[in-house]
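Colleague:
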Amino acid sequence: MELLQLVIGGLANGCIYGLVALGFVLIYKASEGVNFAQGDMMMLGAFVALGFGNADQLGLPFGLAVILAMAVMFCVGWGVERLVVRQIFGQPQFALVILTIALGFVFRFVAGSIWGYTPLVLETPFAGRNLRAGGIVIGLADLVAIGATLGLTGALWLFFSHTRIGLAAQAASQNQMAAYIVGVPVMRINSLIWGLSGAVATVAGVLYATRGAIDPNIGLLGIKAFAAAVIGGMGSLPGALLGGLIIGVVEPIAGRYAPGELAQMSPYIIMLVVLVLRPGGLFSQMQMKKV
Amino acid sequence: MTVLSVRNLETFYGAIMALRGVSIDVDEGEIVTILGANGAGKTTLMKTIAGLMDPEKGAITYKGETIARLAPDRIVAKGISLVPEGREVFPYLTIEENLKLGAFTRHGGQAQDLELVYGYFPILKERRKQAAGFLSGGQQQMLAIGRGLMARPTLMMLDEPSLGLSPLLTQEIFAIIARLNAEQGVTMLLVEQNARIALDTAHTGYVLEMGRIVMSGPSERLKASDDIQEFYLGRTEATERGQKRWKRRKTWR
Chain V
1 MELLQLVIGG LANGCIYGLV ALGFVLIYKA SEGVNFAQGD MMMLGAFVAL
51 GFGNADQLGL PFGLAVILAM AVMFCVGWGV ERLVVRQIFG QPQFALVILT
101 IALGFVFRFV AGSIWGYTPL VLETPFAGRN LRAGGIVIGL ADLVAIGATL
151 GLTGALWLFF SHTRIGLAAQ AASQNQMAAY IVGVPVMRIN SLIWGLSGAV
201 ATVAGVLYAT RGAIDPNIGL LGIKAFAAAV IGGMGSLPGA LLGGLIIGVV
251 EPIAGRYAPG ELAQMSPYII MLVVLVLRPG GLFSQMQMKK V
Chain P
1 MTVLSVRNLE TFYGAIMALR GVSIDVDEGE IVTILGANGA GKTTLMKTIA
51 GLMDPEKGAI TYKGETIARL APDRIVAKGI SLVPEGREVF PYLTIEENLK
101 LGAFTRHGGQ AQDLELVYGY FPILKERRKQ AAGFLSGGQQ QMLAIGRGLM
151 ARPTLMMLDE PSLGLSPLLT QEIFAIIARL NAEQGVTMLL VEQNARIALD
201 TAHTGYVLEM GRIVMSGPSE RLKASDDIQE FYLGRTEATE RGQKRWKRRK
251 TWR
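Chains V and P supply the protein sequences, listed in that same order. Heads up: the first sequence is residues 1 to 291, going by the UniProt record's numbering. Heads up: the second sequence is residues 1 to 253, going by the UniProt record's numbering.
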C-alpha cells in the first residue's frame, strides 16, 4: 500500500521531469545543442502563470491564466531562437551551451526582480484536495499532473506525426540539408520548436507549482530533467518522458527505503548506469552519419 | 528557350575559390550534363543554383528572373529541384512521408503525383510504409529522384545519380532519367563522373575543370573530341610502341 502511494506521487513528479526533459529533446533535435535554460524556462512559465492567475496579481481564471502563460512562453522561446540563438548559427556547440546557461541566469534575475525571491504559491482550483481510494490518498494535483502530461504528449505526437509542419520538423532534425533541399524553411521551423519547448516548459512549471511553492531557483530542477533526457537517449521524445518517469518513481522510493542521501543521488546514479550499459540511452536513435 | 542561364558565377568555400567564373545555359526540354573530375566544382555549382550556397559574384537567371542568393525554399517553389549527391533521404521517415516532403512547397495534387512517382518506381510503392533508412542504395537513389519529382519541377538537377551504384543499376537510373525527360518534359541538369553514360543520355555537355568551363557543345561533338575521349572516356590509343602516350596535353591548357 505504502509502495503504491509512493509510486503514484513519483509518477506525478516524474511527469514534470519528463516534460522538462521533453523540452531538452525538442531543442536538441532542432538546434543540435542542449538548452541549459530549459529548467529556468519552466520556472519563468510558472511565474507568468502565477502573474496572470493569482488573485493579488491579475486574477484571471486558472485555465485562462495557464493558456496565456503558455502563449507568452511560446513567444519567449520563439524570440530567444529568432534573436539570440540564430546569431550563433554555425558556431561550435559549446557556444550554445554557454549562451543558454547565461540565459538561465537572465531568466532567474527577471523572475526575481518581478516576483521577488520569497517562495510564492500558485492558486489552483485543486490545491490541497485529496481522493481516497482503498487506504491510499491521492492528491488531485498528482492526478492533474499525470493527466495533463498524457494529454500534452498525445497532442505533441499528433502534431509531429500528422501535420505538414510537424513532418517538416522531423525532417529538419533528421537531415537538415535535405530539408533545405525540399524547401522546408528550416530556420522558421527551429523558431517554432523553441516556442513549443517554451510552452511545454510552462505546463511543467504550472504542474510543479500545483505541488508546492515556487521561487526563482526551482529551475535547478532542470539538471535532474537533463539526466532524464540522457537516460531516455537525448534524441527521443518517448525516451525523455520515460526517463523522467523512472527518475520520478525511483526518487521517493529510494528516499523511503534507502539509507542517507541516496535519494538525491539516484537520478545521476541511474544516468551513469544507463550511460555505461547503453551509451545511446534507452531509446537510442543513433546512427553513424555516412560521409 | 533558355530556362536557366548562369553567368560568370564565382563561389567560395571560405578562402578557396571553388567556381572561377562559370557560365552555362540550359534550354527547355534538354538534358545537360556537366563533366569534371573530383573537386572541379560540379557540386558547388549545383548547390549555388539551388540556393544552398551564396555566390560571391555572377548572375543566375531562371526563366528571366534573377534567383541568385534567394533562400532554398523560394527556389524550390519556383520550380528547380535538386537531387543531392549521396541521396540524403530522411532515414526515419517512411518512403511515403519522404515523397510527401518533396511536395512541401506545393499545395494540392499530391495524391496524383505520388501515383506518378510510383509508376516510375514500383518498388517504392511496394515498400511505401517502411523507413527510408532501410532501403538499398539504388532504392534510396530512386526515392531521392522521386522526392525531387514531387516538387513538380521545370528543372531538375541531379548530382551524381550513379554514386555507389552497380553498373546495372546505374543504367536503370539513367534510363528513367531519360524517360522522365521525354515523357514529363522535365529539363535536366546532370552532374556525373561516369562520362560515358552521361554523354549517352544528355543532349548537351559542359566540361568543368578547376572551377572553369573548359569545353562545351552537343554531346555527340564532345564524345568525338580527342580530349574527351582520352581524359574522360579512357580511350587508350595504340602508338607505334603500343603504349599509352602519357605526355599528351589537353588542348585547353
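A virtual CB, placed ideally from N, CA and C, is assigned to each residue, including glycine.
(1) Hey, P/Ala195 and P/Tyr232: beta-carbon distance below 7 Å or not?
(2) Roughly how many angstroms separate the alpha carbons of V/Lys289 and V/Asn175, rounded to a whole number?
(3) State yes or no: is the beta carbon of P/Val76 nearer than 7 Å to at least one beta carbon in chain V?
(4) Are the C-beta atoms of P/Leu208 and some chain V residue less than 7 Å apart?
(5) For V/Gly112, which residues of its own chain have a beta-carbon under 7 Å away from its beta-carbon, when the five flanking residues on both sides are left out?
(6) Within this structure, are the beta carbons of V/Thr202 and V/Met1 separated by less than 7 Å?
(7) With a threshold of 6 Å, establish whether the CB of V/Ala155 neighbours any heavy atom of the ligand ZN.
(8) State the DSSP-derived secondary structure class of P/Asp159, mapped to helix, strand or coil.
(9) Of all Cβ atoms in chain P, is any one closer than 7 Å to the Cβ of V/Ile247?
(10) Can you have a look at P/Met1 and say buried or exposed, based on whether 16 or more other CB atoms are within 10 angstroms of its CB?
(11) Does DSSP put V/Val7 in a helix, a strand or coil?
(12) Do we get a CB-CB distance below 7 Å when we pair P/Glu160 with the residues of chain V?
(13) Using the DSSP secondary-structure output, state which residues sit across from P/Lys57 in a beta bridge.
(14) Are the beta-carbon atoms of V/Glu123 and V/Asn35 separated by less than 7 Å?
(15) Excluding the 5 residues flanking V/Ala209 on each side, which residues of the same chain have their C-beta closer than 6 Å to its C-beta?
(16) So what does DSSP say about P/Ala15, is it helix, strand or coil?
(17) Using a C-beta cutoff of 7 Å, does V/Met288 count as contacting chain P?
(18) Between the region 224 to 236 of chain V and the region 89 to 109 of chain V, are three or more C-beta pairs nearer than 8 Å?
(19) Taking only beta-carbon positions, decide if P/Tyr92 is within less than 7 Å of chain V.
(20) Which residues, in chain order, does the region 164 to 175 of chain V contribute to contact with chain P at a C-beta distance below 7 Å?
(21) Starting from V/Tyr180, trace the alpha helix (DSSP H) both ways and give me its first and last residue.
(22) I'd like to know whether the C-beta of P/Pro167 is nearer than 7 Å to at least one C-beta of chain V.
(23) Report back the beta-carbon spacing between P/Val26 and P/Leu155 to the nearest angstrom; my notes put them in contact at under 8 Å.
(24) Three or more beta-carbon pairs under 8 Å between the region 7 to 18 of chain P and the region 56 to 69 of chain P, yes or no?
(25) I want to verify the contact list: residues of chain P whose CB lies under 8 Å from the CB of V/Ala178, in sequence order.
(26) At the 7 Å Cβ level, is P/Asp73 part of the contact set with chain V, yes or no?
(27) Using beta carbons (cut-off 7 Å, strictly below), is V/Gly183 in contact with chain P?
(28) Helix, strand or coil for V/Ile214? Go by DSSP, reduced to three states.
(29) According to DSSP, simplified to helix, strand and coil, what is V/Arg86?
(30) Run through the DSSP bridge pairs and tell me what P/Tyr62 is partnered with.
(31) List the whole-angstrom C-beta distance separating P/Ile213 from P/Tyr206, where the pair is believed to meet the contact cut-off of C-beta under 8 Å.
(32) Under 7 Å Cβ to Cβ from P/Val76, same chain only, skipping five residues before and after it: list those, please.
(33) Can you name the residues that DSSP bridges to P/Ser81?
(34) Reducing DSSP to helix, strand and coil, say where V/Leu21 ends up.
(35) So what does DSSP say about V/Glu32, is it helix, strand or coil?
(36) Can you tell me whether V/Pro252 is helix, strand or coil according to DSSP?
Modeller: Let me spell this out:
(1) Position 195 of the second sequence, counted from the start, is the residue given in the question as residue 195 of chain P. Position 232 of the second sequence, counted from the start, is the residue given in the question as residue 232 of chain P. Going by C-beta atoms, P/Ala195 is nearer than 7 Å to P/Tyr232.
(2) The count along the first sequence starts at 1 and reaches residue 289 of chain V at position 289. The count along the first sequence starts at 1 and reaches residue 175 of chain V at position 175. Because the pLDDT at V/Lys289 is just 40, under 50, the model does not fix this residue reliably, and the point stays unresolved.
(3) The residue you call residue 76 of chain P lines up with position 76 of the second sequence. Judged by the 7 Å Cβ criterion, P/Val76 is in contact with chain V.
(4) Here residue 208 of chain P corresponds to residue number 208 of the second sequence, with the count starting at 1. Between P/Leu208 and chain V, the shortest Cβ-Cβ separation is not below 7 Å.
(5) Translated into positions along the first sequence, residue 112 of chain V becomes position 112. For V/Gly112, where only same-chain residues beyond five positions count, the Cβ hits under 7 Å are Pro216.
(6) One-based indexing of the first sequence puts residue 202 of chain V at position 202. One-based indexing of the first sequence puts residue 1 of chain V at position 1. V/Thr202 is not a Cβ neighbour of V/Met1, given a cutoff of 7 Å.
(7) The ligand ZN is not among the ligands present in this structure, which contains no ligands whatsoever.
(8) Locating residue 159 of chain P in the second sequence gives position 159, counting from the first residue. Three-state DSSP puts P/Asp159 in a strand.
(9) Residue mapping note: residue 247 of chain V aligns to position 247 of the first sequence, counting from 1. Not one chain P Cβ lies under 7 Å of V/Ile247.
(10) For the purposes of this step, residue 1 of chain P is taken as residue 1 along the second sequence, with counting starting at 1. The C-beta of P/Met1 has fewer than 16 other C-beta atoms within 10 Å across all chains shown, which makes the residue exposed.
(11) Along the first sequence, one-based indexing puts residue 7 of chain V at 7. V/Val7: helix per DSSP, three-state reduction.
(12) The residue given as residue 160 of chain P occupies position 160 in the second sequence. Not one chain V Cβ lies under 7 Å of P/Glu160.
(13) As a first step, residue 57 of chain P is located in the second sequence; it is residue number 57 there, counting from the start. Answer is P/Glu10.
(14) One-based indexing of the first sequence puts residue 123 of chain V at position 123. One-based indexing of the first sequence puts residue 35 of chain V at position 35. Not a contact, by the Cβ cut-off of 7 Å.
(15) Position 209 of the first sequence, counting from 1, holds the residue named residue 209 of chain V. Closer than 6 Å at Cβ, skipping near neighbours: Ala46 and Leu122.
(16) Reading the second sequence from its first residue, position 15 is the one you call residue 15 of chain P. P/Ala15: coil per DSSP, three-state reduction.
(17) One-based indexing of the first sequence puts residue 288 of chain V at position 288. Low confidence applies here, because V/Met288 scores a pLDDT of 42, under 50, leaving its location unreliable; read the following figure in that light. It does not; no Cβ of chain P falls within 7 Å.
(18) no
(19) Indexing the second sequence from 1 puts residue 92 of chain P at position 92. Yes, because at least one Cβ of chain V sits closer than 7 Å to the Cβ of P/Tyr92.
(20) Within the region 164 to 175 of chain V, the residues whose Cβ lies closer than 7 Å to any Cβ of chain P are, in chain order, Leu167, Ala168, Gln170, Ala171, Gln174 and Asn175.
(21) Locating residue 180 of chain V in the first sequence gives position 180, counting from the first residue. Gln176 to Val182 is the extent of the alpha helix (DSSP H) around V/Tyr180.
(22) Stepping through the second sequence from its first residue, residue 167 of chain P is reached at position 167. No, P/Pro167 does not count as interfacial toward chain V.
(23) Position 26 of the second sequence, counting from 1, holds the residue named residue 26 of chain P. Position 155 of the second sequence, counting from 1, holds the residue named residue 155 of chain P. Confirmed, Cβ separation roughly 7 Å.
(24) yes
(25) The count along the first sequence starts at 1 and reaches residue 178 of chain V at position 178. Within 8 Å Cβ-Cβ: Pro84, Glu88, Val89 and Phe90.
(26) For the purposes of this step, residue 73 of chain P is identified with residue 73 of the second sequence, where counting begins at 1. Judged by the 7 Å Cβ criterion, P/Asp73 is in contact with chain V.
(27) Taking the first residue of the first sequence as position 1, residue 183 of chain V is located at position 183. Chain P contact via Cβ: present.
(28) Numbered from its first residue, the first sequence carries residue 214 of chain V at position 214. Correct three-state label for V/Ile214: strand.
(29) For the purposes of this step, residue 86 of chain V is taken as the residue at position 86 of the first sequence. Note: V/Arg86 maps to helix in three-state DSSP.
(30) Stepping through the second sequence from its first residue, residue 62 of chain P is reached at position 62. P/Tyr62 is bridged to P/Leu4 and P/Glu65.
(31) Counting from one through the second sequence, the residue named residue 213 of chain P turns up at place 213. Counting from one through the second sequence, the residue named residue 206 of chain P turns up at place 206. Confirmed, about 5 Å.
(32) In the second sequence, counting from the first residue as 1, residue 76 of chain P sits at position 76. Closer than 7 Å at the Cβ level, and outside the excluded window around P/Val76, lie Thr105 and Ala151.
(33) Counting from 1 along the second sequence, the entry for residue 81 of chain P is found at position 81. According to DSSP, P/Ser81 bridges with P/Met156.
(34) Here the question's residue 21 of chain V lines up with position 21 in the first sequence. The sequence as given places Ala at residue 21 of chain V; Leu does not occur at that position. V/Ala21: helix per DSSP, three-state reduction.
(35) For the purposes of this step, residue 32 of chain V is taken as residue 32 along the first sequence, with counting starting at 1. It is coil, neither helix nor strand.
(36) Taking the first sequence and counting its residues from 1, the one referred to as residue 252 of chain V is at position 252. DSSP, reduced to helix, strand and coil, places V/Pro252 within a helical segment of the structure shown.
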